[in-house]
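In what follows, a single structure is set out as structure tokens and then discussed.
In the numbering used here, the protein residues as written are 1 to 163.
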């Protein structure tokens, strides 16, 4: 689904100005440790991801997004990191909308299903060896794509210390 009714209503009221949007992304491995990657119809690559809807828990949102985009039923197993506030997280859409995501990155286990393009936006969904994952539209620390990733991870610099 390209935009939910909630975010569409916000856009009607606010226009194309920058919106800070809570979001989720999933690191999903197959039985061989390969990670699931989507290829957009526009040529970019990404993890399964999307916005959190009002009243929705982040873990619930990641399970919903993975199912909507790939047809896989997944269970989030742990939080790998939280990312936002960088140019990497800011998107300028062709229609002029500007969004900046704060992303909760989850590791997810497959419960059932087979990967398929379900959302009308993906050209393909396939598993890659973690070292062979193409450049992602929103990059995450590459070590978080492996099955043995430890988390949570988040960007930090001591320049952010207060006081």
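For each residue, glycine too, the CB sits at the ideal point set by N, CA and C.
- If you look at residue 39, you'll find it in the beta strand (DSSP E) that goes 35 to 40.
- Nearest Cα to residue 117 within the set 80, 70, 134 and 135: 70.
- For residue 22, the enclosing beta strand (DSSP E) stretches over residues 18 to 28.
- Counting of Cβ neighbours within 10 angstroms places residue 154 among the exposed residues, the total staying below 16.
- The straight-line gap separating the alpha-carbon atoms of residue 33 and residue 146 is approximately 7 Å.
- DSSP places residue 70 in the helix class (H, G or I) of the three-state scheme.
- Annotation for residue 137: no alpha helix (DSSP H) segment contains it, and DSSP assigns it neither H nor E.
- A residue is called buried when at least 16 other Cβ atoms come within 10 angstroms of its Cβ; residue 17 does not meet this threshold and is exposed.
- Contact check between the segment 126 to 145 and the segment 50 to 65: fewer than three CB pairs, one atom from each, fall below 8 Å, which does not count as touching.
- Within the same chain, 103 come within 6 Å of residue 83 by CB-CB distance, once the 5 residues on both sides are set aside.
- In the structure shown, the three-state DSSP call for residue 129 is coil.
- Apart from sequence neighbours up to five positions away, the residues of its chain that approach residue 123 with a beta-carbon distance below 6 Å are 39 and 41, ordered along the chain.
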